[in-house]
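Colleague:
Chains as they are written, first to last, in this note's numbering: chain A, 6 to 288; chain B, 670 to 1076.
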């Protein structure tokens, strides 16, 4: 077939060739598949609530029990300070964001394995799978948020209503962070199956390294920056300071959390796209 | 001249073999970095594949199991990348490598239509518009709000295929998915694939083991074996070449060591010998044919039904001779061999080529061994047939007398 008369107009074709170097993320294609992203999120939610008998109740029950235990042991017995906020409200605000983060991270890192059967049989931008699972627990976040409002009523605590406006921004930063880390872990987990065990341990440790059961103000000023390397620390501290204490927004901490979350996203994306094309072969 | 939709140039896919585990663990990776790297072999699932497909063509792809057909489709569907060469594809590509991709058992039929549709590349708007047609095509409208885990396998397949059948890609890639479901629905699906290429001018790539569907649907055919492109061209010619290679020589005793076997392998067909009464592999219509199969048991087997099936070139089954009909089940001790001879009497097959399949199983769902293309033979025309045969086709050449009564 060396005839030149039917020379192909290459531009009209999609070229499938061995991957070399960094593959560009195809944002146009991602946009074309946006409906798949929405439908997968909806699938994740509806399966979650269909499979567990208690359904929605479980999403509420779990953080409430954790909060109660933490209140008894850390608040009452250990007398950990809580910046003059009733301890249950204080710790629940922290858990709210933390639970989102840990379940987004866990499910995103397992997502490629969970959806192995689709990935091996159909093409679509693979990035959609971990991203959709990282977004899904936001629904639990909002349900728990209602519980927080109830707690405030019970403990007769008046929040700063302007602080409510900050909450969506904070959850967006948390989503970017967990999506970025989730992409990285999902690709790693597809390749090395023991990642999930390491992750479980990591999340457990992080619960104590993040100011959840204690306030960030407990940390000596010169070491604070270490804590804030984790964007979740900034998010939780901001939520408490602004929503609960009515302090002005600390833009430095907000910017730091946001920039760090973007950094995580960048790392996650670049590792994911490096592995993406081979995922069907290693799964 | 029609436009070229797909152009494949020197395409190859290499797998590295010698890895004991299907996946690694981080622990091993860290551990192994201190050890010397073990040399592992490369295996080319595909090598130097070149072909083109024009707009509106249906390209059939055939070959034995493990030939690389599925790998080729996976590369063209962008599920796995090639190792060498490249492929150019124009337009929107949809692939059906598995029926029901994306289906979730807990969700209802309605929900799964949306889910599977989106996974296959449809937008919500498209699915919404085609929803009624999909349900109608699937013939399960009264169960559309029942979770699919309660569906029978037939209903499941019907719904899954219906979603896929309403995709509107420029290139449709199909792997064996038509081999499921009941005969009527299969026909409907085949019809749909034909329609898609003829009327809408879509390009279809179709992998199938069913030569009948390849013959009736495809305009060109590709034969792949051991990762190499053996022949491409007219479907009839290519299928002939495939059969020839699959059954080896068409005469005398044949060993089945290299044939593609299915089943659990507790016993294997090792040899087949098809001959006429004088022991030669030459047949004319009306001959008695002896089919001799040699079986070796790898484990103890009992009560096994041994069968031979003779089909014509379109894979229409004409003869099924089995020991069960005669009330016999074969029992063998481990390591024992047996020869089973089927004596077919007065076989009035029309002149042409016939395929012999062998099968052995304890009961219908327990397959011990099966070889789809165990052997083939040619029936030659008798003298009197040569004189008159041409205008009167038909599958079977019945022996008959006639009488004329005039008033």
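Ideal placement from N, C-alpha and C gives every residue a C-beta, glycine not left out.
#1: By the criterion of Cβ-Cβ separation under 7 Å, what are the contact partners of residue 24 of chain A in chain B?
#2: Near residue 1012 of chain B, what residues of its chain come up, given a Cβ to Cβ distance below 7 Å and the 5 sequence neighbours on each side ignored?
#3: How would you label residue 154 of chain A, buried or exposed, when you count the other beta carbons within 10 angstroms and need 16 or more for buried?
#4: Tell me, to the nearest whole angstrom, how far the beta carbon of residue 845 of chain B is from that of residue 878 of chain B; I am working on the premise that it is less than 8 Å.
#5: Are the CB atoms of residue 164 of chain A and residue 249 of chain A nearer to each other than 9 Å?
#6: Alpha carbon to alpha carbon, what distance is there between residue 952 of chain B and residue 1048 of chain B?
#7: Which residue marks the beginning of the beta strand (DSSP E) containing residue 1012 of chain B, and which one marks its end?
#8: Between which two residues does the beta strand (DSSP E) holding residue 126 of chain A run?
#9: Quick one: using the 10 Å Cβ neighbour count with 16 as the cut-off for buried, is residue 835 of chain B buried or exposed?
#10: Under 9 Å, Cβ to Cβ, is there at least one residue of chain A near residue 791 of chain B?
#11: Does residue 992 of chain B get closer than 9 Å to chain A when you measure Cβ to Cβ?
#12: Using the beta-carbon count (16 or more within 10 Å), is residue 247 of chain A buried or exposed?
#13: In three-state DSSP terms, what is residue 899 of chain B?
#14: List, in chain order, every chain B residue whose beta-carbon is nearer than 8 Å to that of residue 134 of chain A.
#15: To the nearest angstrom, how far is it from the Cα of residue 791 of chain B to the Cα of residue 182 of chain A?
#16: Which of helix, strand or coil does DSSP assign to residue 725 of chain B?
#17: Please determine, among B:1000, B:974, B:1003, B:1001, the residue with the shortest C-alpha to C-alpha distance to residue 989 of chain B.
#18: Based on the DSSP secondary-structure assignment, which residues constitute the bridge partners of residue 835 of chain B?
#19: Quick one: list the residues of chain B neighbouring residue 285 of chain A, beta-carbon separation under 8 Å, in chain order.
#20: Let's see if you can read the secondary structure: which residues bound the alpha helix (DSSP H) around residue 820 of chain B?
#21: Please tell me whether residue 48 of chain A has its Cβ less than 9 Å away from any Cβ of chain B.
#22: Can you have a look at residue 227 of chain A and say buried or exposed, based on whether 16 or more other CB atoms are within 10 angstroms of its CB?
#23: Are the C-beta of residue 8 of chain A and some C-beta of chain B separated by less than 9 Å?
#24: Is residue 263 of chain A helix, strand or coil when you go by DSSP?
#25: Beta-carbon within less than 6 Å of residue 160 of chain A's beta-carbon, same chain only, minus the 5 sequence neighbours each way: which residues are those?
#26: Can you tell which of B:831, B:744, B:1018, B:946 has its C-alpha closest to the C-alpha of residue 754 of chain B?
#27: Taking residue 1065 of chain B as the reference, which of B:1038, B:1041, B:923, B:1019 has the closest Cα?
#28: Can you tell me whether DSSP reads residue 855 of chain B as helix, strand or coil?
#29: Residues in the same chain with beta-carbon distance under 7 Å from residue 285 of chain A, minus the five sequence neighbours each way, listed in chain order, please.
#30: Nearest to residue 819 of chain B by alpha carbon, out of B:795, B:776, B:832?
#31: Is there a C-beta anywhere in chain B that falls below 9 Å from the one on residue 108 of chain A?
#32: Check this for me: beta carbons of residue 718 of chain B and residue 762 of chain B, under 9 Å apart or not?
#33: Do you know how far the Cα of residue 797 of chain B is from the Cα of residue 728 of chain B?
#34: Checking contacts by CB at 9 Å: is residue 753 of chain B closer than that to chain A?
#35: Tell me the rounded alpha-carbon separation between residue 157 of chain A and residue 31 of chain A.
Modeller: Considering the structure as presented:
#1: If you number the first chain from 1, residue 24 of chain A lands on position 19. Within chain B, the residues near residue 24 of chain A are 750.
#2: Translated into the one-based positions of the second chain, residue 1012 of chain B becomes position 343. Excluding positions up to five away in sequence, the list reads 957, 959.
#3: As a first step, residue 154 of chain A must be located in the first chain, where it is residue number 149. The residue is exposed, with fewer than 16 neighbouring Cβ atoms inside 10 Å.
#4: Mapped onto the second chain, residue 845 of chain B falls at position 176. Mapped onto the second chain, residue 878 of chain B falls at position 209. Residue 845 of chain B to residue 878 of chain B, Cβ: 7 Å. Contact.
#5: Start at 1 with the first residue of the first chain, and residue 164 of chain A comes out as number 159. Start at 1 with the first residue of the first chain, and residue 249 of chain A comes out as number 244. Yes.
#6: As a working mapping, residue 1048 of chain B is identified with position 379 in the second chain. As a working mapping, residue 952 of chain B is identified with position 283 in the second chain. In this structure, the CA atom of residue 1048 of chain B is about 5 Å from the CA atom of residue 952 of chain B.
#7: Counted from its first residue, the second chain places residue 1012 of chain B at position 343. 1006-1016 is the extent of the beta strand (DSSP E) around residue 1012 of chain B.
#8: Here residue 126 of chain A is taken as the residue at index 121 of the first chain, counted from 1. Counting along the chain, residue 126 of chain A falls outside any beta strand (DSSP E), and DSSP gives it neither H nor E.
#9: Counting from 1 along the second chain, the entry for residue 835 of chain B is found at position 166. Classification of residue 835 of chain B: buried, given that the 10 Å Cβ count is 16 or more.
#10: What you label residue 791 of chain B is simply residue 122 of the second chain in a count that begins at 1. Using a CB distance cut-off of 9 Å, residue 791 of chain B counts as an interface residue toward chain A.
#11: As a working note, residue 992 of chain B is residue 323 in the second chain. Cβ-Cβ to chain A under 9 Å: no for residue 992 of chain B.
#12: Walking along the first chain from the start, residue 247 of chain A turns up at place 242. Classification of residue 247 of chain A: buried, given that the 10 Å Cβ count is 16 or more.
#13: Mapped onto the second chain, residue 899 of chain B falls at position 230. Strand.
#14: Counting from one through the first chain, the residue named residue 134 of chain A turns up at place 129. The premise fails here: residue 134 of chain A is roughly 11 Å from chain B at the closest Cβ pair, so nothing lies under 8 Å.
#15: For the purposes of this step, residue 791 of chain B is identified with residue 122 of the second chain, where counting begins at 1. For the purposes of this step, residue 182 of chain A is identified with residue 177 of the first chain, where counting begins at 1. Residue 791 of chain B and residue 182 of chain A have their C-alpha atoms spaced approximately 30 Å apart.
#16: Locating residue 725 of chain B in the second chain gives position 56, where the first residue counts as 1. Of the three classes helix, strand and coil, the one that applies to residue 725 of chain B here is coil, per DSSP.
#17: Stepping through the second chain from its first residue, residue 989 of chain B is reached at position 320. Taking each of B:1000, B:974, B:1003, B:1001 in turn and checking the Cα distance to residue 989 of chain B, the smallest one comes out for B:974.
#18: Locating residue 835 of chain B in the second chain gives position 166, counting from the first residue. Residue 835 of chain B pairs with nothing; no bridge assigned.
#19: Position 280 of the first chain, counted from the first residue, corresponds to residue 285 of chain A. Near residue 285 of chain A (Cβ distances below 8 Å), the residues of chain B are 743, 748, 749.
#20: What you label residue 820 of chain B is simply residue 151 of the second chain in a count that begins at 1. Taken as a continuous stretch (DSSP letters only), residue 820 of chain B belongs to no alpha helix (DSSP H), as it is neither H nor E.
#21: Numbered from 1 along the first chain, position 43 holds the residue referred to as residue 48 of chain A. At least one chain B Cβ lies under 9 Å of residue 48 of chain A.
#22: Taking the first chain and counting its residues from 1, one reaches residue 227 of chain A at position 222. Its Cβ having fewer than 16 others within 10 Å, residue 227 of chain A is exposed.
#23: Walking along the first chain from the start, residue 8 of chain A turns up at place 3. With a pLDDT of 44 at residue 8 of chain A, under the threshold of 50, the modelled position of that residue is not reliable, and the figure given next carries that caveat. Residue 8 of chain A does not count as touching chain B.
#24: Position 258 of the first chain, counted from the first residue, corresponds to residue 263 of chain A. Residue 263 of chain A: helix per DSSP, three-state reduction.
#25: As a working note, residue 160 of chain A is residue 155 in the first chain. If we look at residue 160 of chain A and ignore the five residues flanking it on each side, its Cβ neighbours are 91, 94.
#26: Position 85 of the second chain, counted from the first residue, corresponds to residue 754 of chain B. The shortest Cα separation from residue 754 of chain B among B:831, B:744, B:1018, B:946 belongs to B:744.
#27: Here residue 1065 of chain B corresponds to residue number 396 of the second chain, with the count starting at 1. Minimum Cα distance to residue 1065 of chain B is reached at B:1019.
#28: The count along the second chain starts at 1 and reaches residue 855 of chain B at position 186. Three-state DSSP puts residue 855 of chain B in a helix.
#29: To locate residue 285 of chain A, count along the first chain from 1; it is residue 280. Within the same chain, residue 285 of chain A has close Cβ partners 124, 125.
#30: Position 150 of the second chain, counted from the first residue, corresponds to residue 819 of chain B. Nearest of B:795, B:776, B:832 to residue 819 of chain B, Cα basis: B:776.
#31: Within the first chain, residue 108 of chain A is the residue found at index 103, counting from 1. It does not: the Cβ of residue 108 of chain A has no partner Cβ on chain B nearer than 9 Å.
#32: Reading the second chain from its first residue, position 49 is the one you call residue 718 of chain B. Reading the second chain from its first residue, position 93 is the one you call residue 762 of chain B. For residue 718 of chain B and residue 762 of chain B, no; Cβs fall outside 9 Å.
#33: For this step, residue 728 of chain B is matched to residue 59 along the second chain. For this step, residue 797 of chain B is matched to residue 128 along the second chain. Rounded to the nearest whole angstrom, the C-alpha separation of residue 728 of chain B and residue 797 of chain B is 31 Å.
#34: On the second chain, residue 753 of chain B is found 84 positions in, with the first residue counted as 1. At least one chain A Cβ lies under 9 Å of residue 753 of chain B.
#35: Here residue 157 of chain A is taken as the residue at index 152 of the first chain, counted from 1. Here residue 31 of chain A is taken as the residue at index 26 of the first chain, counted from 1. Taking C-alpha positions only, residue 157 of chain A is separated from residue 31 of chain A by approximately 45 Å.
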